[in-house]
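10 is the number of the first residue of the sequence shown in the numbering used here; add one for each residue after it.
Even glycine gets a Cβ: it sits at the ideal position worked out from N, Cα and C.
What follows is a set of notes on a single structure, which appears directly below.
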Amino acid sequence: MTNRQMAEEILQKVGGKRNVISYSHCSTRLRLDLKDSGKIDRDSLDKLDGILSVMDVAGQTQIVLGPQVQYIYEELQGIFPQSSSASSEAGSQKKKGFLGSALEIISSLFTPLIDVLIGAGILKGLLSILTASGILTDASGTYQILNAAADSLYYFLPVVLAITCAKRFKTNMFVSVTIAGALLYPNLTALYDAGKAISFLGIPVQLTTFKSSVFPIIFAILLLSYVEKGLAKLLPEKIRSRIAPFFSLLIVVPVTITVFGPLGSMLSNTIAGFYMNLYGFNPMIAGGFIGAIAQVLVIFGIHWGLFPIIFSNIEKFGFDTILAVFGPSIIAQSGAAFGVWLKTKDQRLKQIAAPAALMGFFGISEPAIYGITLKYRRAFAAAIIGGGIGGAVAGACGARAMAVAVAAVPTFPAYFGAGFTGFVIAYFGAFLISAVLTYLFGFNDSMIPESERADVNVTADHTELSTSTSKAVAIKVHAPADGTVLPLNKVKDPAFSSEALGKGIAVIPENGKITAPVAGTVAAVYPTLHAYGIVSENQEEFLIHIGIDTVKLDGKYFKSHVKTGDIVMPGDLIAAIEIDEIKKAGFDPTVIIVDTSGGSERKMTLLREGSVSSQEDLLLIESL
């Protein structure tokens with residue numbers, strides 16, 4: 010499938026042009042704001058080759074495509090120009106909540122800058138190496154020219170952010186850039202450097218530095234958006250384009266310098282100070298915590314919220330430690346993917362795992378996360394452990410970034426200086442730890458869904474199948490609880506015991522933990538919380554029914570741990586029940602699993618009898 014065809018398929022399966030409000034992309038994800046997310050054909054999207062995952066984050070639909078996302082985005086622009094999608098209909102977006110909106114705004118402002126931030130960071134790091142080794146001096150002309158190239162982005166960051174803010178808040182770009190230029194005007198900068206006090210209309214002004222700042226320009230352009238809307242209503246159309254910029258500059262620049270500047274400075278100092286105090290209390294614990302949870306933040310898009318803190322740290326202290334402890338978490342995901350690549354004999358999975366592992370060395374973890382580790386959750390756990398250990402080592406060694414550069418092998422120069430050796434050890438150590446843990450404990454080929462195997466050999470206590478010699482589809486059903494196995498024909502309910510609802514098995518539970526018997530998607534959670542529908546990865550439909558006639562309890566003594574649309578793996582907790590209370594109320598708590606797919610003939614092979622533990626292989630279903 011070509012990139013053009015992929016773009017057309019995506020557009021069709023998200024509900025067509027009329028359902029798209031706007032779209033953008035980052036390094037791995039196509040991000041869409043839709044009028045109605047219910048119109049998405051998720052099953053068809055998930056089956057498209059090249060799509061790693063489809064998810065909803067903060068009211069936004071994100072399609073994970075990996076590095077080729079930019080080519081899909083370009084094709085989308087040709088099919089459906091952004092200007093059309095980002096029309097006045099934007100007001101019809103669903104409310105995302107304050108936190109969701111704030112994160113989405115931060116993401117949209119910084120995403121276009123990531124590549125140039127990395128490039129500038131590499132150059133700053135190289136200059137640090139060259140000066141430390143004596144090859145260059147900071148007084149040489151060569152250094153001055155290269156340093157100007159490396160440092161200009163950070164110095165003039167408000168100007169660059171003014172451009173992304175203008176696009177995001179739909180303001181006049183040239184007025185926005187002019188406002189940013191006023192903040193960095195040499196005369197004002199000189200007054201700040203000299204520590205001189207000034208006033209505006211008799212009001213004392215606390216001058217602040219705006220170089221490398223983030224918050225003041227965001228506040229300024231947000232204010233500009235409201236000023237321009239107000240002026241559009243007040244000024245006649247014939248003179249609006251000439252007069253509006255005058256009033257915009259007259260209002261926004263003084264407010265930014267007198268109010269937003271001190272406010273932004275205070276906010277930046279507070280945030281940076283809080284983090285540095287936490288880091289100073291115990292850098293190993295702080296580093297280990299961030300290293301462990303960083304990729305969880307990436308999954309939900311929350312990591313963008315760290316960038317203002319990172320910029321504040323570099324502005325205030327001249328370095329940042331968040332990026333240094335963040336780095337091991339990225340490469341740990343690659344390590345887990347590499348462990349899968351080493352362990353698996355499935356050629357299809359090897360083809361996915363190899364590039365996913367490689368991309369981590371370039372600072373991109375999403376292919377490993379969505380292609381490998383989230384599917385095989387023990388591998389994700391191994392990556393969390395590796396990232397946490399690596400982050401702790403980096404924190405303990407005082408590793409730091411001298412510029413904003415996401416940790417990757419090409420950006421190592423940005424980390425040169427104090428703690429660099431520890432950073433390198435932490436980085437590659439995280440890779441090795443997660444790879445070894447994944448290889449030993451985090452993955453085996455039996456975890457691969459039957460529908461995704463290139464060469465499948467399913468071995469059970471009683472049966473062995475090979476898809477290369479048979480058309481049979483086999484699926485293992487795991488025990489949903491600790492307890493005693495009960496054949497379906499012994500269940501005290503005629504609808505189940507007669508197999509009228511389908512073939513299956515039952516377990517008399519010993520405790521209240523009910524787990525998913527198969528990997529798949531939660532298709533239904535009944536309002537009374539006593540029954541759940543799961544569609545397996547090879548499209549087999551299963552009903553998990555907790556108790557006999559427990560619908561009469563109307564949810565009492567039941568607590569659901571999943572919702573419709575959730576992805577579950579065998580052993581994941583789907584419900585918790587108060588088993589003693591259910592028995593006291595006169596109900597049988599037996600957990601029943603029924604294959605409700607129907608259609609073709611099913612052969613059931615019981616793999617366990619008597620006592621069984623949750624997650625143990627219980628039943629083998631062959632669909633011929």
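Separation of residue j from residue i, as counted between CA atoms
i      : j      : result
Phe567 : Gly580 : 18 Å
Ile302 : Val349 : 21 Å
Gly297 : Phe290 : 13 Å
Gly143 : Pro90  : 52 Å
Tyr448 : Thr605 : 36 Å
Glu17  : Leu57  : 12 Å
Thr173 : Val334 : 28 Å
Thr493 : Glu549 : 25 Å
Ile373 : Leu315 : 17 Å
His471 : Ile630 : In this prediction, His471 has a pLDDT of 36, which is less than 50 and means its spatial position is unreliable; what the coordinates show is noted afterwards. Spanning the two alpha carbons is a distance of roughly 12 Å.
Glu84  : Leu162 : 30 Å
Pro225 : Ala410 : 24 Å
Lys247 : Lys238 : 16 Å
Thr140 : Gly344 : 34 Å
Asn520 : Met578 : 20 Å
Ala203 : Val214 : 14 Å
Leu210 : Ile260 : 13 Å
Glu324 : Ala427 : 18 Å
Gln14  : Phe219 : 46 Å
Ala159 : Ala423 : 11 Å
Ala388 : Ala365 : 13 Å
Ser321 : Ser137 : 21 Å
Thr476 : Leu135 : Because the pLDDT at Thr476 is just 34, under 50, the model does not fix this residue reliably, and the value given afterwards should be weighed accordingly. The alpha-carbon atoms of Thr476 and Leu135 are separated by roughly 54 Å.
Unbroken beta strand (DSSP E) run spanning residue i, endpoints
i      : result
Ser208 : Ile207 to Phe209
Ser640 : Residue coverage of the chain in this structure runs from 10 to 633, which leaves residue 640 outside it and unanswerable.
Ile555 : Glu550 to Ile557
Three-state secondary structure assigned by DSSP to residue i
i      : result
Val305 : helix
Pro213 : strand
Lys325 : helix
Ala483 : strand
Asp58  : coil
Ile144 : coil
Asp626 : strand
Glu618 : coil
Gly372 : coil
Lys612 : strand
Ser93  : Note on Ser93: pLDDT 39, under 50, position unreliable in the model; no value is reported.
Asp454 : helix
Gln77  : coil
Gly426 : coil
Arg409 : coil
Asp589 : helix
Leu383 : coil
Ile299 : helix
Pro536 : coil
Ile260 : helix
Endpoints, alpha helix (DSSP H) assigned at residue i
i      : result
Ala363 : Gln356 to Met368
Ile523 : Not the alpha helix (DSSP H): Ile523 falls in the beta strand (DSSP E), residues Lys522 to Thr524.
Thr430 : Phe429 to Leu446
Lys238 : Phe224 to Leu243
Ala199 : Pro195 to Ala203
Ala416 : Careful: Ala416 lies outside any alpha helix (DSSP H) and carries neither H nor E.
Pro489 : Counting along the chain, Pro489 falls outside any alpha helix (DSSP H), and DSSP gives it neither H nor E.
Check whether residue i and residue j have beta carbons under 8 Å apart
i      : j      : result
Lys499 : Ser507 : no
Thr382 : Ile517 : no
Asp626 : Ile557 : no
Gly300 : Gly399 : yes
Ile131 : Ala408 : no
Gln79  : Arg38  : no
Val8   : Ile484 : Given a span of 10 to 633 for the chain in the structure shown, any question on residue 8 remains unanswerable.
Asp575 : Val531 : yes
Ile30  : Asp42  : yes
Ala488 : Val621 : yes
Ser222 : Pro167 : yes
Ser623 : Ala515 : no
Tyr436 : Pro536 : no
Gly395 : Leu446 : yes
Asp454 : Asp355 : yes
Residues that DSSP places opposite residue i in a beta bridge
i      : result
Ser569 : Ala584
Val29  : Leu43
Ile601 : Ala515 and His554
Contact with chain C by residue i, beta-carbon distance below 8 Å
i      : result
Leu135 : No chain C is present in this structure, which holds just one protein chain.
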